Amino acid sequence: LFVLGMLQFFHKLLPNYGIAIILLTLVARAAVLPLTLKQVKQSKRMSEVMPLLKPKLDALKEKHKGDARKVQEETMRLYAEYGINPLATMAGCLPMILQMPVFIALYMVLGRAIELRGQPFFGWISDLSQSDVVLEAVKIPFVFPQGLAVLPIFMAASLWGLNKLTIKDPAQQAMVWIMPIMMLVFSGSMPSGLVLYWTVSNVFSMAQTWLINAGPLPVVAQPHTHGGVEVKADRSKKKKN
Numbered sequence: 255l256f257v258l259g260m261l262q263f264f265h266k267l268l269p270n271y272g273i274a275i276i277l278l279t280l281v282a283r284a285a286v287l288p289l290t291l292k293q294v295k296q297s298k299r300m301s302e303v304m305p306l307l308k309p310k311l312d313a314l315k316e317k318h319k320g321d322a323r324k325v326q327e328e329t330m331r332l333y334a335e336y337g338i339n340p341l342a343t344m345a346g347c348l349p350m351i352l353q354m355p356v357f358i359a360l361y362m363v364l365g366r367a368i369e370l371r372g373q374p375f376f377g378w379i380s381d382l383s384q385s386d387v388v389l390e391a392v393k394i395p396f397v398f399p400q401g402l403a404v405l406p407i408f409m410a411a412s413l414w415g416l417n418k419l420t421i422k423d424p425a426q427q428a429m430v431w432i433m434p435i436m437m438l439v440f441s442g443s444m445p446s447g448l449v450l451y452w453t454v455s456n457v458f459s460m461a462q463t464w465l466i467n468a469g470p471l472p473v474v475a476q477p478h479t480h481g482g483v484e485v486k487a488d489r490s491k492k493k494k495n
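Residue 255 is where the sequence shown starts when you use the numbering used here, and the numbers rise one by one after that.
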């Protein structure tokens, strides 16, 4: 009821339910903005520190080869010395999880609310409660069972772009492609209003991440030295011998 009420409120301001869904998306993203900003900054910090850590991590694995527990302990100690959180990338799922209630509620609204049935957005999107099929003759099993749709392709492309900006760990590079492909399969027959919500959310995240990454270079943490004093070095300045 809350989501439907928000959509109806935005529709009164701008009589287009597609625009109402976009405004709802922006409100949902604004609600989790502090968490998202923190996660993006942590990811950027980790990407700057990892080049310094990688040789030491490799040395640890070589030194304690065959002792996985010791490698794990020494790795966590090294992370602590550099002041980074190894769980930062996992925390990035939290903003997405917090948005799931809105996603589920919007799915139910698009399927049940009479107000949204047959409501167009623009161009080829003539019914937000149905998939935005443009070629019914082009049917791909499990991907586009009702015909070729356009918004799922945009959504998958935006998710790929977001992953390229946020996933820096070489061990997780496969997720850059796996997640967009999975979402393309899932969204091929979803209501276009729902896919519009997810696409706008991805674009919002891309813009936010790009703005943060385009800012001044962060201070890169160096390991703790004598007396537990943390030494930091600015990458923008060359180290003097």
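Backbone N, C-alpha and C define an ideal beta-carbon position, used for all residues, glycine too. Predicted, not measured: the structure shown is a model, and the values here were computed from it.
| Item | Value |
| --- | --- |
| Under the rule that 16 or more other beta-carbon atoms within 10 Å means buried, what is K298, buried or exposed? | buried |
| Could you tell me the distance, in whole angstroms, from the CA atom of L332 to the CA atom of T463? | 27 Å |
| Go through its chain and collect everything with a Cβ distance to S380's Cβ below 6 Å, but skip five positions before and after it. | P374 |
| Verify whether the separation of the beta carbon atoms of V430 and W452 is less than 8 Å. | no |
| Rounding to the nearest angstrom, what Cα-Cα distance links G365 and A282 in this structure? | 20 Å |
| Cutting at 8 Å between CB atoms, please list the residues of its own chain near L370, excluding the five before and the five after it. | L261, Y271, V363, L364, L382, S383 and G447 |
| Taking the alpha carbon of M436 as the point to measure from, which residue in A313, L306, L402 and A410 has its own alpha carbon closest? | A410 |
| Could you please give the first and the last residue of the uninterrupted alpha helix (DSSP H) stretch that includes V388? | Unbroken run through V388 is the beta strand (DSSP E), V387 to L389; no alpha helix (DSSP H). |
| Can you find the residues in the same chain that come closer than 7 Å, C-beta to C-beta, to T329, ignoring five residues on each side of it along the sequence? | L311 and L314 |
| Cβ of V457 within 8 Å of Cβ of S412? | yes |
| DSSP puts I394 in a beta bridge; with which residues? | F398 |
| Taking only runs of the alpha helix (DSSP H) that begin and end inside the region 298–380, which ones reach a length of at least 4 residues, in chain order? | 322–336, 342–345 and 347–366 |
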